[in-house]
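Report on the structure given below.
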Amino acid sequence: MSKLISSLVLLACFSLFIGKNITNKCEIWFFYSFSDIPVWTALFTSFFAGVLVTIPFIFLKNAKKEKNDSAKNKSAVSKENPEEKKSEESK
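Here it is, written out as structure tokens:
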């Protein structure tokens, strides 16, 4: 229930922001000059572009962490009891 309420409050905040800035326009240069772009469009576009750029780094960090964890587990097993490892190899 709290997720629903927080979602509605967030939606109300976004609606209020868009409603107050609907007539404000700006000019954006991105290798071409775009004029009369609404401020809220520019803001949300830049936010979502930042999210898209960040996503690969999150996945790379998790993959690297899993790789390090598996390497640590293998080295921990071999360091725990070397005689047990030798007996397993002889079988």
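Each residue of the sequence shown is one higher than the one before, counting from 2 in the working numbering. Note that the Cβ used here is the ideal one computed from N, Cα and C, for glycine as well. All values reported here derive from a predicted model rather than from experimental measurement.
7 angstroms Cβ shell around residue i - same chain, five flanking residues per side excluded
{"i": "Ile29", "result": "Phe35, Ile38 and Ala43"}
Cα-Cα separation, residue i to residue j
{"i": "Ser16", "j": "Lys26", "result": "17 angstroms"}
{"i": "Leu11", "j": "Trp41", "result": "15 angstroms"}
{"i": "Ser47", "j": "Ser8", "result": "22 angstroms"}
{"i": "Gly51", "j": "Ser3", "result": "28 angstroms"}
{"i": "Lys68", "j": "Ile23", "result": "48 angstroms"}
{"i": "Ala64", "j": "Leu5", "result": "33 angstroms"}
{"i": "Leu61", "j": "Phe49", "result": "19 angstroms"}
Sequence-distant residues of its chain with Cβ nearer than 6 angstroms to residue i (five each side left out)
{"i": "Phe31", "result": "none"}
{"i": "Ile19", "result": "Trp41"}
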